[in-house]
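Number of protein chains: 2
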Amino acid sequence: MLRSSPALAPTDSHESARRSDLEEELINLFARMGRIVGFPRSFAEIYAILFASPEPMAMEQIIGRAGLSQGAVSQGLRQLRALGAIQPVYVPGDRRTFFNIEDNLRKVAAGFLKEQVLPQLEDWPDRIERIGRICGDSDSKGESALSARVEKLRGWHQRISRSTPELLQLIGKWS
Amino acid sequence: MLRSSPALAPTDSHESARRSDLEEELINLFARMGRIVGFPRSFAEIYAILFASPEPMAMEQIIGRAGLSQGAVSQGLRQLRALGAIQPVYVPGDRRTFFNIEDNLRKVAAGFLKEQVLPQLEDWPDRIERIGRICGDSDSKGESALSARVEKLRGWHQRISRSTPELLQLIGKWS
DNA sequence: CATTAAGTTCATTTTTCCTTGAACCTTGGT
DNA sequence: ACCAAGGTTCAAGGAAAAATGAACTTAATG
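Going down the list, the protein sequences come from chains A and B.
Numbering (the working numbering) for the first sequence: 1 to 175.
Numbering (the working numbering) for the second sequence: 176 to 350.
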């Protein structure tokens with residue numbers, strides 16, 4: 001009920017329209033998923049607004065619809081692009097960059113893994129080695145339970161690392 | 176820096192001592208992973224301290240070592256237990272509850288999925304239906320692009336849902 | 001029962017993270 | 001070369017989350 005402007009007034013400028021119910025629902029949906037992985041709500045807002053728009057949108061239009069500041073939208077677009085969750089669309093004869101969602105779930109999930117998870121995993125060997133050294137020092141007196149725990153860490157890293165190809169394969173079946 | 180009351184020194188050591196380098200390193204490691212999934216740092220601290228202890232620890236001991244308040248540790252223990260990341264150990268003749276880590280990665284990962292992710296997924300059908308209705312109302316005039324997007328959502332939910340058994344199987348190989 | 005240790009809860013404070021807004025780049029057009 | 005539109009960056013302010021601390025509940029023990 002009480003919808004404002006239907007979808008778009010494409011060629012035209014200042015869209016300070018109120019968000020539609022549809023957009024609100026989508027924002028809720030995406031925000032809940034985003035929270036699990038620690039994304040700020042603004043990301044969900046931007047993604048939802050693009051999701052609800054059949055046409056690619058320029059930053060200015062998103063600002064108007066989302067009720068966020070230029071800065072927030074600029075940062076959000078950058079990160080969403082880095083994740084592969086949105087794609088820039090270059091329109092000839094227009095200086096602005098337009099954006100469309102990436103609606104291929106596989107690509108979004110893979111982007112998240114590649115950007116957020118794997119970099120952390122890569123740190124593990126160094127960290128575990130350091131932990132092992134600390135442990136080894138104080139361990140000379142015979143605290144072997146600790147060493148067993150550190151060995152656990154190594155095992156975790158190995159198993160997780162070995163699983164990533166399978167995991168990518170699993171989400172590769174999405175689309 | 177005021178230190179809490181010496182309290183009873185039961186059978187042994189680790190009390191209100193300063194955290195060791197080992198513990199600091201472990202906290203960093205766990206905190207980084209925890210951040211990805213939105214856990215507060217205190218969870219990592221508690222888990223790390225238990226990880227570094229060959230013996231199960233009671234709350235009071237954890238408080239002393241972590242430098243956190245009673246309240247924070249109480250809450251943290253509860254949530255970690257809900258996730259299956261730690262286990263209570265009942266010691267006969269001691270009123271306190273002791274805790275040990277669950278070092279089986281599979282169980283921790285499964286706990287996270289079951290507690291944090293799947294409940295969210297279960298909401299999707301309702302939400303999508305609601306979105307479909309909103310969309311259908313305004314859609315009568317022929318905005319079929321939106322309907323296609325909503326259909327996308329359904330597809331996502333279906334694929335993710337169908338993948339969870341495989342995912343559980345994948346992490347089932349861990350240990 | 002009365003006592004007291006163990007643990008929980010929750011209003012308040014503290015900390016962390018997000019957003020804002022304005023200054024600052026960059027690039028196309030004239 | 002200059003202007004202006006499009007976009008980025010970052011210090012400062014504000015909002016949300018987490019930690020604190022004290023009052024409260026629970027349950028062993030004499």
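Think of the CB as a built atom: it goes at the ideal place given N, C-alpha and C, for glycine as much as any other residue.
Sub-8 Å separation of residue i and residue j beta-carbons
{"i": "residue 42 of chain A", "j": "residue 104 of chain A", "result": "no"}
{"i": "residue 336 of chain B", "j": "residue 296 of chain B", "result": "yes"}
{"i": "residue 258 of chain B", "j": "residue 283 of chain B", "result": "yes"}
{"i": "residue 85 of chain A", "j": "residue 168 of chain A", "result": "no"}
{"i": "residue 276 of chain B", "j": "residue 205 of chain B", "result": "no"}
{"i": "residue 98 of chain A", "j": "residue 58 of chain A", "result": "yes"}
{"i": "residue 88 of chain A", "j": "residue 96 of chain A", "result": "no"}
{"i": "residue 223 of chain B", "j": "residue 201 of chain B", "result": "yes"}
{"i": "residue 106 of chain A", "j": "residue 34 of chain A", "result": "no"}
{"i": "residue 153 of chain A", "j": "residue 341 of chain B", "result": "no"}
{"i": "residue 268 of chain B", "j": "residue 38 of chain A", "result": "no"}
Residues that DSSP places opposite residue i in a beta bridge
{"i": "residue 233 of chain B", "result": "B:273"}
Candidates the options: closest to residue i by CA position
{"i": "residue 193 of chain B", "options": "B:333, B:236, B:207", "result": "B:236"}
{"i": "residue 198 of chain B", "options": "A:100, A:95, A:135", "result": "A:135"}
{"i": "residue 112 of chain A", "options": "A:88, A:36, A:92", "result": "A:36"}
{"i": "residue 156 of chain A", "options": "A:128, A:55, A:172", "result": "A:128"}
{"i": "residue 149 of chain A", "options": "A:165, A:132, A:137", "result": "A:132"}
{"i": "residue 321 of chain B", "options": "A:46, A:27, A:55", "result": "A:55"}
{"i": "residue 21 of chain A", "options": "B:203, B:327, B:312, B:326", "result": "B:312"}
{"i": "residue 79 of chain A", "options": "A:91, A:46, A:119", "result": "A:46"}
{"i": "residue 305 of chain B", "options": "B:326, B:239, B:265", "result": "B:326"}
{"i": "residue 144 of chain A", "options": "B:203, B:228, B:215, B:207", "result": "B:228"}
*Where in the stretch 258-287 of chain B do unbroken runs of the beta strand (DSSP E), each at least 3 residues long, occur, reported from the N-terminal end onward?*
261-265, 272-276
*Are the stretch 244-263 of chain B and the stretch 75-94 of chain A touching by the rule of at least three beta carbon pairs closer than 8 Å?*
no
_the stretch 124-135 of chain A / the stretch 148-162 of chain A touching (three or more Cβ pairs under 8 Å)_ = yes
*In the stretch 201-225 of chain B, which residue ranges form an unbroken beta strand (DSSP E) of at least 3 residues, counting only runs that do not cross its ends?*
none
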